[in-house]
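> Handing you this structure, nothing more for now.
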Amino acid sequence: MPSTSYTLLPPAPQTQGHSCATFRVPPLDGTLSYPQLIDFHGQYSADHRLFVCAEEDSTIKSITWSRGSQAIRRGALLVRECLGWKPGVNESPVVATLSASDAIPYATLVMGIQRAGYVPFPISTRNSPAAVAYLLEKTGVQHVFVGLDHAMQNLFADAVEVLKSQYPSAGIPTASLMPEFGDLYTEELENVAAEDVPYEHPGLDKRAFLLHSSGSTAFPKPIPFTHRSLVQFARYPFYGERDMTDRVVSLHCMPMFHATGILMTLAAASCGQVLGVPAPKTPPPIPTPDLVIHGAMATNVDIVLAVPSMVETWSQHPEYVKWLATRDGVAYAGGPLNKERGDYLVSQGVRIFNGYGSTECGSMNDMTAETGYDWEYFRFCTFLTLKLDPYGNDEYEVIVVASELLRPNMINTKVDGVDAYATSDLVAPHPTKKGLYKIVGRTDDQIMHSTGEKTNPGPLETMMNQDPHVQACVMFGRGRLQAGILVEPTPEYSFDPSDEAKVAEFRNKIWPTVLKMNAFAPQHSRLFKEMILVAKPSKPFFWTAKRTVRRGAVIKEYEEEIDALYESVEASSQSTVSPPASWDIASTADFVRRVVTQVMDHTVPDDGDLFQNGCDSLQATYIRNMLLRAVRETVKIDTRHVPESFVYDNPTIAQLSSFISSISLGTDRPESASSSSAARIDAMRAMVAKYTTGFSVHKADPSARQPEGEVVLVTGTTGSLGSHLLSQLAENGEIGRIYALNRPSRDQRPLRERQRSALTVRGLDADVLDSDKVVLLEGDLTKAYFGVGEALYEELRRSVTHIIHNAWRVDFVITLNSFEPQVQGVRSLVDFALSSPLPEPPRLVFESSMGTLQGAPAEEFILETSSKPEYAVGTGYAESKWVSEQILFAAAEKTALSPLVARLGQICGGPDGAWNAHEWFPSVVQSAPALGCFPDDARPVDWIPLDLATAALIDFRAASSPTHLVHLVHPRPVAWHALAAAVSAEFGVPLVPYAAWLSKLEQYAAQSLAGAGAQGAEMVRSLRALRLLPMFRGMAMQVGQGRRALGMADMDVARAKAASPTLADPGLRQLSVEDVQRWLAYWRKVGLFSA
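If you want it as structure tokens, here you go:
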């Protein structure tokens, strides 16, 4: 036992640990420091739970104090190794953590830093580089554990640069990577005993810990904790109304660098409460409301601790409310909870506790005291010595006076000669119930947001007031998701803000100042353009005698305008990034990229996870609103049914672009630009090498029975081409059985239902599904036995004679790596075919794309043979098709397999005229009435109707080619002019050269941009070609080249004709005016010309 030359604490009330056999309440008078409490529980509470989490399969994992204490000591050894600890040296350097790591390894390392005898300093990841540099210099940090993700690495690197430039005399701390769960919780190191990590009690009044104040102040202030204050804060549960021992408290949304997370770990050591946390995962997921409550439910927590915005979200889901009503309660902290939402939860039986505390004083109210419908109110903890200083209007500032039970971590005043801390928090008493109070604001006007974050407006308003266009300003946002600012222009710049154009102009004038404010402010306090509210000349600001703005009076005066602003922002967000004229993939990706850059204030790679690059929930909301507003402004789409979580579900620019493009346009024209051609080609060749090794040898089984009739395995039959394939295969008398393999639907719709719908909508006979000939299968080519089970797989392997691989992911934004499952599926089909016991492996027809030739010179005559990889570079889609071609060519060379690759060209409408109205040619047709002309070209096109393309593919199943490749285009091209003349006659417009048509489109685009607001947006909506303007500009560069219309590639079809009787038929019908008329009739039916 250490020498107690310091004053010990008086005994705490014996309210905890009465009904739990696994936990032993430790001495809490200061004879043991917090690091010694860790060893105490490792010995005396070994089987008691410290952490509990739920794995993805809902398995509950518990970490006991025995295992946890040894991992903490392992962390202590790791820290000592990093700092070169030597026996006998009693220094206590500051060791910081800068990481968004999982709760368990983060808390374990922080406790390990203490156990090593050092001073931990968890730094919020929300700070700017300048703020981090200030904290490092101010506290003399010697070492920093930095998170593994790029956002944290960049934040630390930027902070070091600021440190070097702004604080040249400061030492640069050393750094190492934040340990992960496996680094601390390993079986080999479970036997780290207390004596392996020597530690002595340094004294209760020695510095033990550092946290910092909110980054919303001028700079966050370091707040020191002594060993005394840690023990004092840990005793907090003993003054509550319930025994918290073995109760599980949910910390699923609380970052462990936050004071609340630290206080909860202290309580775990004092009273034995269990910490419910997310399971360790790299990278850790961002805590969305759904993830947080699902984690709480999975770990069966007793008390849910959350920020108000999450509680408000849960209140809108009956299943969540029902579950919350079965818990001991929901404790919210960090900001106000919406009164209506809170009352509703109470009415449903949910117990709500209002958490109140601070880094300087710890928890200051009993969060477990029930108040019913008075949930906004709370009772102060009985161990506090308080002075409630009158502030006017029956409001009081909370001042905490130092006592033997609690000495605040910071002292800024005296009360009757005794040290005290003035919190700046204002409370108001309950009108009828004595002892109940609620927070009503702050003396320093710090704004508490619904996220729990705080904004101190003072420094930011000072910066804004220095702008020559601004007379005064007031920031607002209490209880809201984000901050806004009300600006009163100087007299010479005053105007009526009902004029939206002038508002936009004024925002642009002061925007450079806002950028300076945002560079200074923490992330959660930054302003966006739509949050700038301009004061009305008819409602001037109120001023005090000291010529300061009367903040409360001004905000009350503008309450209606502020509420309207938030309602507007909730529906949509304003962006300085103009929506694209076209929602094709390239234009969409460019737009999404600029939106993300504007919101996050730095660039993110297209395939980089936004949330691993620093995006938080507030920024995700902005990105979502900006994207949907742009969609609504340019396309007639109701976005109310777009999932709230689509930014989280599509967390990269590439995925977001694909998602937004698909809901806006649905075009399937590959237009993505390549980034590094050489690197892409290397990746393509590497993937070819990966999937062309170890081909098996086909071995026929003489005992294998040859099936009666052909047995065809066809993949992907629920799309347009797939449905036609299934229909025509079923009608073919040479085919005895068809196995139609499709991936399971995300919405869990049965395959039979999906397939019947797909056939019916395309005018095909859905009764073929009732035939014994057709077998529908749900599976996955990348899984063992194709995901259909061993028995059925064996049936396929022993009977299939032909394979048509039609299924492929259609996505022109994602990279080649994201297509690897599709490539793997091709190799799986090769292996499947070679495993056949039949005399010959099944014939395999693979549908490739003309996209593999997108980079070929326009004047080149494209032969039916393997092409150069550089021709395919540009989209992951085309690159994956090229890789798959090469795998099949390699298999043909090295094995008995004889595959056939069919490169598909432009497929147009079938017998019923159905042609996707969102594609590029229908958009050109739709432009004719508005532009008063239609492009002409004397050269031919080789487009092929859907029914003929399907017939040719079925022909290919029985064919071969010396090059194993054919082009599926029409062998009898027709002049573009013949088709264009039919369009010209339909709309009564002249035919003009492509350049003249494009010029008209450019003029129309200029008019749409000049159109005011809705008028301009309506012009874009009404003319679909405007959305594809970038693509049409690109076509203009090649329109005069080559031998095909509009500069399209000229494809050889000799081998295709040899492989397909359909294509070889000299009487094969060519495209004609009748086809155009059928297309026009279909497009009119689906509303293309009414837009």
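In our numbering, the protein residues as written are 5 to 1095.
Note that CB positions come from ideal geometry on N, CA and C, so glycine has one too.
Which residue's Cα is closest to the Cα of Ala-837: Leu-745, Lys-1061, Val-804?
It is Val-804.
> Might you give, ordered along the chain, the residues of its own chain that have their beta carbon closer than 6 Å to the beta carbon of Asp-916, omitting 5 neighbours on each side?
Gly-767
> By Cβ distance, which residues of its chain are closer than 8 Å to Asn-654, with the 5 residues on each side in sequence left out?
Leu-660, Ser-662, Phe-663
> What's the call for Arg-709, buried or exposed, on a 16-neighbour Cβ count within 10 Å?
exposed
> From what residue to what residue does the alpha helix (DSSP H) around Ala-1058 run?
1058-1063
> Between Asn-413 and Val-235, what straight-line distance do the alpha-carbon atoms span, to the nearest angstrom?
12 Å
> Buried or exposed for Lys-458, please, with buried defined as at least 16 other CB atoms from any protein chain shown within 10 angstroms of its CB.
buried
> Assuming Leu-410 is part of the beta strand (DSSP E), what are its boundary residues?
Note, Leu-410: premise wrong, no beta strand (DSSP E); not H, not E.
> For Val-973, which residues of its own chain have a beta-carbon under 7 Å away from its beta-carbon, when the five flanking residues on both sides are left out?
In its chain, beyond the 5 residues on either side, Gly-909, Asp-946, Ile-948, Met-1055, Val-1057 have a beta carbon closer than 7 Å to the beta carbon of Val-973.
> Per DSSP, what kind of secondary structure is Thr-671 in: helix, strand or coil?
Its pLDDT being 45, under 50, Thr-671 is placed unreliably by the model, and the measurement read from it follows with that caveat. Coil, per DSSP.
> Could you check if Ser-351 is buried or exposed, using at least 16 other CB atoms within 10 Å of its CB as the buried criterion?
Residue environment: Ser-351 is assigned as exposed (fewer than 16 neighbouring CB atoms within 10 Å of its CB, all protein chains considered).
> Using a Cβ-Cβ cutoff of less than 6 Å, which residues in the same chain neighbour Ser-927 once the five nearest sequence positions on both sides are dropped?
A distance below 6 Å between beta-carbons, with the five flanking residues on each side excluded, links Ser-927 to the following residues of its chain, in chain order: Arg-1028, Ala-1029, Leu-1032.
> Out of curiosity, what's the CA-to-CA distance linking Met-1052 and Val-692?
Met-1052 and Val-692 have their alpha carbons spaced roughly 28 Å apart.
> Return helix, strand or coil for Met-248, following the three-state DSSP convention.
coil
> Alpha carbon to alpha carbon, what distance is there between Val-987 and Val-978?
15 Å
> Would you list, in sequence order, the uninterrupted beta strand (DSSP E) runs of no fewer than 3 residues that lie entirely inside the stretch 482-515?
488-493
> Under 8 Å Cβ to Cβ from Tyr-497, same chain only, skipping five residues before and after it: list those, please.
His-473, Phe-510, Lys-513
> What does the Cβ neighbour count give for His-606, buried or exposed, with the cut at 16 atoms within 10 Å?
When all chains shown are included, His-606 counts as exposed.
> Taking just the CA atoms, how far does Ser-852 sit from Glu-889?
Annotation: Glu-889 to Ser-852 spans about 7 Å, alpha carbon to alpha carbon.
> For the alpha helix (DSSP H) containing Tyr-138, list its first residue and its last residue.
133-143
> Tell me Gly-366's beta-bridge partners as DSSP assigns them.
Ser-362
> Out of Pro-224, Pro-495, Met-248, state which residue places its alpha-carbon closest to the alpha-carbon of Asn-460.
When only C-alpha atoms are compared, the closest one is Pro-224.
> Residues in its own chain within less than 8 Å of Lys-520 by CB, not counting five upstream and five downstream?
Met-467
> State the start and end residues of the unbroken beta strand (DSSP E) segment that holds Ile-807.
806-809
> So the beta strand (DSSP E) Val-278 belongs to, where does it begin and stop?
Here the beta strand (DSSP E) through Val-278 covers 278-280.
> From the DSSP output, read off the bridge partner residues of Lys-540.
Lys-540 pairs with nothing; no bridge assigned.
> Could you tell me which residues DSSP pairs with Leu-102 in its beta bridges?
Val-150
> Return the CA-CA distance between Pro-873 and Glu-844, expressed in angstroms with no decimal places.
31 Å
> Rounded to whole angstroms, what is the Cα-Cα separation between Gly-21 and Ala-273?
12 Å
> Contact between the stretch 744-764 and the stretch 715-729 is defined here as three or more beta-carbon pairs at a separation below 8 Å; is this criterion met?
The stretch 744-764 vs the stretch 715-729: in contact.
> Do you know whose CA, among Phe-384, Thr-447, Ser-681, Thr-494, lies nearest His-434's CA?
Closest in C-alpha terms to His-434, from the list Phe-384, Thr-447, Ser-681, Thr-494, comes Phe-384.
> Determine the DSSP secondary structure at Ile-589, reduced to helix, strand or coil.
helix
> With a 10 Å radius around its C-beta and 16 neighbouring C-beta atoms as the bar for buried, classify Asp-588 as buried or exposed.
buried
> By the three-class DSSP mapping on this structure, what secondary structure does Leu-901 have?
Assignment of Leu-901 by DSSP, reduced to helix, strand and coil, places it in the coil class.
> Rounded to whole angstroms, what is the Cα-Cα separation between Arg-847 and Ser-832?
14 Å
> According to the neighbour-count rule (16 or more other Cβ atoms, all chains shown, within 10 Å of its Cβ), is Val-651 buried or exposed?
buried
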